[in-house]
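Colleague: Offset between the sequence shown (1-based) and the working numbering: plus 3.
Just so it is clear, CB atoms sit at the ideal spot from N, CA and C, and this is done for glycine as well.
Submitted below is the structure of interest, expressed as structure tokens.
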Amino acid sequence: MLPTIEWKDDAVVMIDQRKLPASEIYVSCKTAQEVARAIKTMVIRGAPAIGVAAAMGIALGMRRSKATGTKQFATEFQKLCELMAATRPTAVNLFWAIERMKRVFAEAAQGGCSVEEIRQRLEADARRIHDEDVASCRTMGAFGAELVPEQARILTHCNAGALATAGYGTALGVIRAAAEQGKKVAVLADETRPFLQGARLTAWELVKDGIDTTVITDNMAASMMRLGNVDLVVVGADRIAANGDVANKIGTYGVAVLARAHEIPFYVAAPLSTIDLQTPDGSTIPIEERNDREVTHVGANRLTPEGARIRNPAFDVTPAKYITAIITERGVARAPYHESLAELVNRGQEAGGRWQQEAGTRP
Ligand code: MRU
């Protein structure tokens, strides 16, 4: 499996996703600040992956702390949580992971643990978040594969693969699981302007796995659907509101509307850590605006004239009414989503899954 992110000796190591597919270079972060920079600058990206990175970054930072008393240790911990929370605003998995680390800290401190014991607990939980993410992706894949017909031609947008998670992927996990069941799937990967996660990352992962992959530019999706070349769409998510509205990579909304116009099922695959029951609908999900340069340039080449204004919202919101089903590691939710999503999340809480919905401050 692809090593998206892992602990190696005293560092958190991640594959540099900005450099793929041209080169496979690994970035070794030795401090929490370096991890935060890696998230901000897209060395690592994808909602679940940045949650895992934030947890590991906090644990790494606390491992390096020189504090001897719990009070100073707690102040440093709080600062690191704020540092991570300021990296990217849309994917709720990042805030979910920070809240979970806060809970581990609070429980350990209240239980009278020493600084060293708190440190160990934070690191153990960061490792657990990583491993649980891979396990969720595999379970989600198994649920999702049931929805994939025998010789499906599947369109996906952005990269919701092993690179966007701790491993295996959400949308690509569904595709991988279907392929592992022996289904002859073929994938149409939207290139996903402006950062090209589809052309660079999704295609790279799927080709490596030997899955039939065709890259198309984003404006080809409509025609492909009209010509009957798409049986279903599956994408990931950065945040799912209580009513089922889904924030995901810019362009997802257009694909969903197209899928509805052509009567093609449109699935979203995401772990429960992406579901944000505290956000009632998509209208209040913060949408990250990224650097103009992602739009004005491809590599060193300028595409647009100086003086043209640029917009670069990195995400959009797909209204729940366009979504056929939401695939999670606890089952498949269908409309009405305000009921089915709450039921899935709360089922976990009853079973002791206390991490599902943490209260906390987040955008
Ligand atoms: O800006 P990015 O590359 O972090 O955006 C990623 C996406 O929008 C993914 O589709 C989403 O995070 C789901 S990843 C399993």
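Is any heavy atom of the ligand MRU found at a distance shorter than 7 Å from the C-beta of Val320?
Modeller: no
Colleague: For the putative contact between Ala155 and Lys186, defined by C-beta atoms under 8 Å, what is the C-beta separation to the nearest angstrom?
Modeller: 7 Å
Colleague: Going by the DSSP bridge assignment, what does Ile28 pair with across the sheet?
Modeller: For Ile28, which the question treats as bridged, DSSP gives no partner whatsoever.
Colleague: Looking at the strands, I want to know which residues DSSP matches up with Arg242.
Modeller: Ala250
Colleague: Under the three-state reduction of DSSP, which class applies to Ala262: helix, strand or coil?
Modeller: helix
Colleague: Going by DSSP in three states, Asn96 sits in which element: helix, strand or coil?
Modeller: helix
Colleague: Reducing DSSP to helix, strand and coil, say where Ile18 ends up.
Modeller: strand
Colleague: Is Val15 buried or exposed, if buried means 16 or more other CB atoms sit within 10 Å of its CB?
Modeller: buried
Colleague: Less than 7 Å between the CB of Arg48 and some heavy atom of the ligand MRU, yes or no?
Modeller: yes
Colleague: Measure the C-alpha to C-alpha separation of Ile101 and Gly49 and round it to an integer number of angstroms.
Modeller: 16 Å
Colleague: DSSP three-state label for Tyr270, please.
Modeller: strand
Colleague: Would you call Leu347 buried or exposed, if buried means 16 or more other Cβ atoms sit within 10 Å of its Cβ?
Modeller: buried
Colleague: Per the contact definition of three or more C-beta pairs closer than 8 Å, is the segment 304 to 318 in contact with the segment 71 to 81?
Modeller: no
Colleague: Under 7 Å Cβ to Cβ from Arg357, same chain only, skipping five residues before and after it: list those, please.
Modeller: Model confidence at Arg357 stands at a pLDDT of 43, short of 50, so the residue's coordinates are unreliable; what they give is reported in the following sentence. Answer for Arg357: no residue qualifies.
Colleague: Just the C-alpha distance for Lys379 and Ile178, rounded to the nearest angstrom, thanks.
Modeller: Nothing can be reported for residue 379: it is not among the residues displayed for the chain, which extend from 4 to 366.
Colleague: Mind checking which residues open and close the alpha helix (DSSP H) that includes Arg122?
Modeller: 118 to 148
Colleague: Assuming Ile178 is part of the alpha helix (DSSP H), what are its boundary residues?
Modeller: 174 to 183
Colleague: Under a Cβ-count criterion, where at least 16 other Cβ atoms within 10 Å of its own Cβ denotes burial, should Asn162 be classed as buried or exposed?
Modeller: buried
Colleague: For the segment 133 to 144 against the segment 168 to 183, are there 3 or more C-beta pairs whose distance is under 8 Å?
Modeller: Touching, yes.
Colleague: So, under 8 Å CB-CB, Val238 and Val271 are touching, yes? Tell me the CB distance rounded to an integer number of Å.
Modeller: 6 Å
Colleague: Report yes if the C-beta of Phe269 is less than 7 Å from at least one heavy atom of the ligand MRU; otherwise report no.
Modeller: no
Colleague: Report the residue from Asp128, Pro322, Asn232, Arg124 whose alpha carbon sits nearest the alpha carbon of Pro283.
Modeller: When each option's Cα is compared against that of Pro283, the closest is Pro322.
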